[in-house]
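Residue numbers (UniProt numbering), protein chains in the order written: chain A, 1 to 266; chain B, 1 to 397.
For each residue, glycine too, the CB sits at the ideal point set by N, CA and C.
Each remark here refers to the structure printed beneath this line.
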């Protein structure tokens, strides 16, 4: 059984908190501190972004984070080393990588997965790798061998036919994109969000975590009543953008924000 | 057909786009498949191509170039004479009609040199569609004339300031807009790039360049040309020119890509020469990237070739050996730009100037009595200010 599946099976809260930030922003040493702080402040599963030069599914806040991260020479060894340091702080909390497919392909899928697993990573989210490609099928098989998960995105535009079709190669949880567009904070969500999440849970028999646009404790609290998890990226990344130069002050702000989200859950 | 063969050219192509775009891509694919066989749609398209674009574009015998180069007979396929001055309008008209048939009232596009932006703004005006053009801030400056024309046509230009602020970033931004407005908007991709079905649609809409060339050339000489040359950025004019000749094995096909200022990463846009297989903007193709799979900024004196990827069909034609792709430096392209202007009285686009440099070499090697066609993909009015800036100003400043 994968660690993510295990984590959802044994969770004590109704919903889990899945924060995200980009590794290397503003530098890798700070990322270790930020990761550890976020884990200390209520993160259940931590999503770590591996920077890619052309993040087409991301909005301006994460785009800027990636640009700052890539000002440091990109280095997979540093990515894995940083991940390991974050993981060793709370080894019971699953880590997930979110990145685009090109860097993984160039690292070599098997080598990437072995190093990711060794660093404490339990699953992958790849926004530009649809499930109905040969590469996705091969990746799913390679992940399965290592008890790791391939976390697919489902959006309001995903048809019922596609939801049925991606069942076979989905594991861990589903990343449900709450609204059209790219990542970024939003004020409103679609009216049928609750209904959609409940129906996906029934069809897929997998936990459904909602992301894209969630930023306030009020929004998180509301959605946590029916989603298995709340994913927050841009709001966290904005704190790093505004305070990242001062690691101590930034950790303080991250901690306050993450606790406010975690404590808002039912 | 295998499970995942649709939309692939050998190992290249496919659909590697964010999930939010998949439904729109599937809708586009099924609409296109139906309309491709629909006589009424084809008649409508041909009506606009003839009466609005001005097709067929002429095939001109270049007498002075032929004499000066002293080799093969040079012929020019005159896409520069199309309305808006380049081949881009062929695709923009076709995709605007597709958008109308899908009931989309808003169109968006990315543009480098501005020719695709101009073509899209033009069809947006003609069909009464709200039009948004994403253009790198650097390109807005260096292709200011086109930027001004786009605005005059009623389209809105959104300058993109991220990264290198050129075509790659404009493409990413257009994809993000599409993700947000996918229900109401059609993204008119400007080159033979992007997720399936775009490379096929763009190729099909541009393939009339090669078809007309073949017909016109046969009429003039009762034979096929010995060689065909076209410039390649994303590669839409080249794939349009090559497509009908691919099966004619005796016709040698040459693509000219931007060698820029040198061979180091960041100095060129020679994707086929230096690119490695990868995934960018929804397709699997050859891409200029570093060993970690990060995309390296591309450079070319020509904003239209300044893209680190290439259409997947070109990647395939290169690896299969059917087309020979060569690099042309900025300096060589500028020299060709001036040479063609002075010898033929035609100011070619800087993109096309790359093709002329390759044509000169190929023509000399082919020798007399042979025939070579250059796809004159667009006119160079848009490039005059930039060329004068680089060369240090004109005589009458």
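{"Check": "Under the three-state DSSP convention, the category residue 327 (chain B) falls into", "Outcome": "strand"}
{"Check": "Proximity test, Cβ basis, 7 Å: residue 175 (chain B) and chain A", "Outcome": "yes"}
{"Check": "Residue environment, residue 172 (chain B), which counts as buried when at least 16 other CB atoms sit within 10 Å", "Outcome": "buried"}
{"Check": "Bridge partners - residue 111 (chain B), DSSP secondary structure assignment", "Outcome": "B:135"}
{"Check": "Against chain A: residues of the region 258 to 281 of chain B by CB proximity under 9 Å", "Outcome": "276, 277, 278, 279, 280, 281"}
{"Check": "Cutoff 7 Å: residue 20 (chain A) Cβ touching any chain B Cβ", "Outcome": "no"}
{"Check": "Buried versus exposed, by CB contacts within 10 Å (16 or more), residue 368 (chain B)", "Outcome": "exposed"}
{"Check": "Residue 231 (chain A) in three-state terms, based on DSSP", "Outcome": "strand"}
{"Check": "Residues that residue 170 (chain B) contacts on chain A, provided the C-beta gap is smaller than 8 Å", "Outcome": "The contacting residues do not exist; residue 170 (chain B) stays about 12 Å from chain A at best."}
{"Check": "Min CB distance residue 153 (chain A) to chain B below 7 Å", "Outcome": "yes"}
{"Check": "Coil, strand or helix - residue 397 (chain B) by DSSP", "Outcome": "With a pLDDT of only 47 at residue 397 (chain B), under 50, the local geometry of the prediction cannot be trusted, and the value read off the model is given with reservation. In the structure shown, residue 397 (chain B) sits in coil (DSSP, three-state: anything other than H, G, I, E or B)."}
{"Check": "Local Cβ density within 10 Å of residue 175 (chain B), reported as buried at 16 or more and exposed below that", "Outcome": "buried"}
{"Check": "Cβ-Cβ distance between residue 323 (chain B) and residue 255 (chain B) below 7 Å", "Outcome": "yes"}
{"Check": "Cutoff 8 Å; reference residue 86 (chain A); Cβ partners in own chain excluding five residues on either side", "Outcome": "31, 32, 35, 36, 39, 46, 48, 95, 120"}
{"Check": "Exposure label - residue 351 (chain B); buried when at least 16 CB within 10 Å", "Outcome": "buried"}
{"Check": "Residue 92 (chain A) classed as buried or exposed, judged by whether at least 16 other C-beta atoms fall within 10 angstroms", "Outcome": "exposed"}
{"Check": "Counterpart residues of residue 178 (chain B) in DSSP-defined beta bridges", "Outcome": "Paired residues: none, contrary to the question."}
{"Check": "Check whether residue 140 (chain B) and residue 96 (chain B) have beta carbons under 7 Å apart", "Outcome": "no"}
{"Check": "Chain A within 7 Å of residue 107 (chain B), Cβ atoms only", "Outcome": "no"}
{"Check": "Length at least 3, wholly inside the region 157 to 206 of chain A: the beta strand (DSSP E) runs in chain order", "Outcome": "174 to 177"}
{"Check": "Residue 129 (chain A) versus residue 18 (chain B) - alpha carbon distance", "Outcome": "7 Å"}
{"Check": "Beta-carbon spacing of residue 173 (chain A), residue 151 (chain A) below 7 Å", "Outcome": "yes"}
{"Check": "Boundaries of the beta strand (DSSP E) in which residue 185 (chain B) is found, first to last residue", "Outcome": "185 to 187"}
{"Check": "Contacts around residue 101 (chain A), its chain only, beta-carbon distance under 6 Å, and the 5 residues preceding and following it disregarded", "Outcome": "126, 128, 129"}
{"Check": "Within 7 Å, strictly: CB atoms of residue 61 (chain B) and residue 134 (chain A)", "Outcome": "no"}
{"Check": "Extent of the continuous beta strand (DSSP E) run through residue 149 (chain A)", "Outcome": "149 to 151"}
{"Check": "Residue 127 (chain A) at chain B interface by Cβ criterion, 7 Å", "Outcome": "yes"}
{"Check": "Per-residue contacts from residue 293 (chain B) into chain A (C-beta, under 8 Å)", "Outcome": "52, 102, 103, 104, 105, 106, 107"}
{"Check": "Minimum C-alpha distance to residue 206 (chain B) - residue among B:189, B:90, B:167, B:264", "Outcome": "B:90"}
{"Check": "Interface partners of residue 162 (chain B) on chain A, CB under 9 Å", "Outcome": "60, 63, 64, 67"}
{"Check": "Neighbour flag for residue 227 (chain A) against chain B, beta carbons, 7 Å", "Outcome": "no"}
{"Check": "Cβ of residue 350 (chain A) within 7 Å of any chain B Cβ", "Outcome": "In the structure as shown, chain A starts at 1 and stops at 266, and residue 350 (chain A) therefore has no counterpart that could be examined."}
{"Check": "Rounded straight-line distance, which links the Cα of residue 328 (chain B) to that of residue 20 (chain B)", "Outcome": "39 Å"}
{"Check": "Any C-beta of chain A under 7 Å from that of residue 150 (chain B)", "Outcome": "no"}
{"Check": "Those runs of the alpha helix (DSSP H) which lie wholly inside the region 57 to 95 of chain B and span at least 4 residues", "Outcome": "63 to 69"}
{"Check": "Helix, strand or coil at residue 57 (chain A) according to DSSP, with G and I counted as helix", "Outcome": "coil"}
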